[in-house]
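For reference, the structure is listed below as C-alpha cells.
Numbering (the working numbering), first residue to last: 7 to 160.
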C-alpha cells in the first residue's frame with residue numbers, strides 16, 4: 007500500500023484566509039484556547055484557531071523569525087529583525103503580543119554584540135517556572151545565548 011505523501015501523520019489544519027498571505031513561514035507556536043501562532047519572515051505574525059480560521063494578523067511584525075508563549079506572562083514573544091533603518095543600536099528585537107491579541111508597544115532590544123552575521127535567526131524560548139526569555143543565535147564563528155528577566159523588562 008502506497009503512502010499518501012501529502013499526509014504523513016497527524017491532522018491537516020486547513021488555513022482559511024491566510025494561505026495566500028503566507029510567504030516565508032519560519033516558526034509555529036501553540037497558544038491557550040486552541041490557538042496557533044505562525045511567524046512569517048515576509049508577512050508578520052498570524053494567529054489562527056485550531057480549525058485554521060484567521061483570528062488576528064500582525065503585518066507590522068514583518069521580519070518575524072521565532073516565537074514562543076510564556077505561561078507565566080500569558081503572552082506571546084516574537085523575535086524579529088528590526089526594519090527601522092535608523093535603529094542602528096539593535097538589529098533584532100523581541101515584540102510581545104498580549105493574551106487579548108494586542109501588540110504591546112514595549113520592545114526589547116537584542117544586543118548586536120557579540121556580532122553574529124545578519125540573517126541568522128534568533129531563536130526564543132520562555133523558561134517554564136520564571137517566564138524569562140532565552141534567545142540564542144550563532145554563525146560559523148560566533149554563538150551566544152541571552153536571557154531577559156521578565157520581571158524587569160516586560
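Ideal placement from N, C-alpha and C gives every residue a C-beta, glycine not left out.
Only buried fits residue 138, as 16 or more other CB atoms lie within 10 angstroms of its CB.
The beta carbon of residue 109 sits closer than 8 Å to the beta carbons of 64, 66, 67, 101, 102, 103 from its chain, once the five residues preceding and following it are set aside; these are given in chain order. In this structure, residue 70 lies away from residue 81, with their beta-carbon atoms at least 8 Å apart. Here the C-alpha atom of residue 45 lies approximately 17 Å from the C-alpha atom of residue 105.
By the Cβ neighbour-count rule, residue 28 is exposed, with fewer than 16 other Cβ atoms within 10 Å of its own. If you ignore the 5 residues before and after residue 155, its C-beta comes within less than 6 Å of the C-beta of 138, all in its own chain and listed in chain order.
At a Cβ-Cβ threshold of 8 Å, residue 123 and residue 99 do not count as neighbours.
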